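Numbering-wise (our numbering), the sequence shown opens with residue 2 and increments by one.
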Amino acid sequence: MFLGAHVSTSGGVDKAPANGINISCEAIQIFTRNQRQWMAKPLSRDEIERYQNEFAKSQIKIAVSHDSYLINLGSPDKDKLIQSREAFWGEIERCDQLGIPYLIFHPGSHLGSGEKAGLKTIAASLNDALSKKRGYKTRLLLETTAGQGTNLGYTFEQLAEILDYIKEKDRVGICVDSCHLFAAGYDIRTRKQYQAIMKQLDEVIGLRKVKAFHLNDSKTELGSRVDRHEHIGQGQLGLEAFRLIVNDERFLGLPMVLETPGDEEDYRRNLQILKKLRRAAQVKAKKAKSH
Ligand code: MN
Ligand code: MN
Ligand code: ZN
């Protein structure tokens with residue numbers, strides 16, 4: 002797996018690769034625009050080229066993008082929905098220009114219209130985006146959510162239902178967020194529980210749909226439906242869950258990025274912990290083989 006973190010793009014997207022290298026990322030996640038404003042100006046030729054040069058020389062294996070938190074592809078409000086959909090097209094456009102293979106996003110919130118209606122609206126938003134951006138290579142990854150408020154996507158079944166409505170299935174996948182999974186009630190704290198949850202994920206959605214991970218510990222308890230990220234090993238999830246994920250051979254080669262609180266120093270520390278968990282398991286496996 003390629004371990005990394007969400008990194009800053011302040012000063013331009015081209016600053017991201019160096020920010021990633023600075024904390025020894027193998028993978029990075031970025032916003033391709035100021036994510037707190039609706040208006041996003043298009044990337045210039047220059048900015049795109051600079052980013053691609055920086056990325057190429059950085060030796061970072063993979064970059065993914067997260068969309069703006071303002072976007073709600075499940076909104077029951079017609080104007081808001083249109084605004085969200087248009088902003089989402091821009092997200093895809095910029096990823097495609099930068100050569101970013103995955104755009105990660107929260108499915109959406111139903112805001113009182115009900116789960117069924119919300120899921121349908123989200124799926125319609127995605128079908129619409131896929132047809133607007135026909136032939137684009139960037140894949141859209143639905144993130145598993147904590148299910149806070151009226152957020153959808155906190156059960157595997159809900160995500161499967163959205164996927165079911167999608168016409169071009171190969172262009173949509175899943176990003177598993179460890180904190181969200183746990184807050185939504187999926188216990189992955191022991192090997193046995195982890196394997197059972199992954200089996201469930203495989204049966205309901207299919208593990209081959211999983212294209213990325215967000216690695217965050219959780220401040221809140223199992224099933225709290227409250228989304229609060231914590232440093233790796235310092236939350237309710239604990240180290241074992243992360244040991245299991247970063248060493249799961251079924252997820253070999255996938256980007257796994259931190260979205261933990263704090264500054265670069267915190268990221269660096271959390272990343273070292275993940276790398277240590279990965280290394281320890283590799284050493285153990287080697288020993289077992291040579292015996
Ligand atoms: Mn997210
Ligand atoms: Mn996340
Ligand atoms: Zn979260």
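From the three backbone atoms N, C-alpha and C, an ideal C-beta is built for every residue, glycine too.
Bear in mind the structure is a predicted one, so any value in this text is a computation, not a measurement.
- The stretch 26-39 makes contact with the stretch 89-99: 3 or more CB pairs, one atom from each, lie closer than 8 Å.
- Secondary structure in the stretch 22-61: the alpha helix (DSSP H) runs of 4 residues or longer, each lying completely within the stretch, are 46-59 in chain order.
- With 16 or more neighbouring CB atoms inside 10 Å of its own CB, Ser219 falls in the buried class.
- Selection Phe243, Gly154, Leu278, Ser179 evaluated against Ile206 yields Gly154 as nearest (Cα-Cα).
- A straight-line Cα-Cα distance of about 32 Å links Val211 and Asp80.
- Between Ala161 and Arg226, the gap from beta carbon to beta carbon reaches 8 Å or more.
- Of the other Cβ atoms in all chains shown, 16 or more fall within 10 Å of the Cβ of Leu272; this residue is therefore buried.
- Note: Asn152 is bridge-paired with Ser110 in the DSSP secondary-structure output.
- A distance of 8 Å or more separates the beta carbons of Met40 and Phe252.
- Nearest in C-alpha terms to Ala88, of all of Asn23, Ile101, His67, Gly100, is His67.
- Lys134 carries a coil assignment under DSSP once its states are collapsed to helix, strand and coil.
- Below 8 Å, enough C-beta pairs join the stretch 172-181 and the stretch 140-157 to call them touching: three or more.
- Gly148 and Gln201 have their C-alpha atoms some 18 Å from each other.
- Just measuring C-alpha positions, the residue of Phe106, Leu182, Gly263, Ala17 sitting nearest Gly224 is Leu182.
- Here Val8 carries a coil assignment [DSSP, helix/strand/coil].
- Taking 7 Å as the cut-off, one finds no heavy atom of ligand 1 near enough to the beta carbon of Glu204.
- Arg279 is positioned such that its CB atom lies closer than 8 Å to that of Asn248.
- Shown here, Glu116 sits in a helix according to DSSP, grouped into three states.
- Relative to ligand 1, the nearest heavy atom lies less than 7 Å away from the CB of Glu144.
- Listed in chain order, the non-local C-beta contacts of Ile274 below 8 Å within the same chain comprise Ile233, Gly234, Leu240, Phe243, local neighbours out to five positions each way being set aside.
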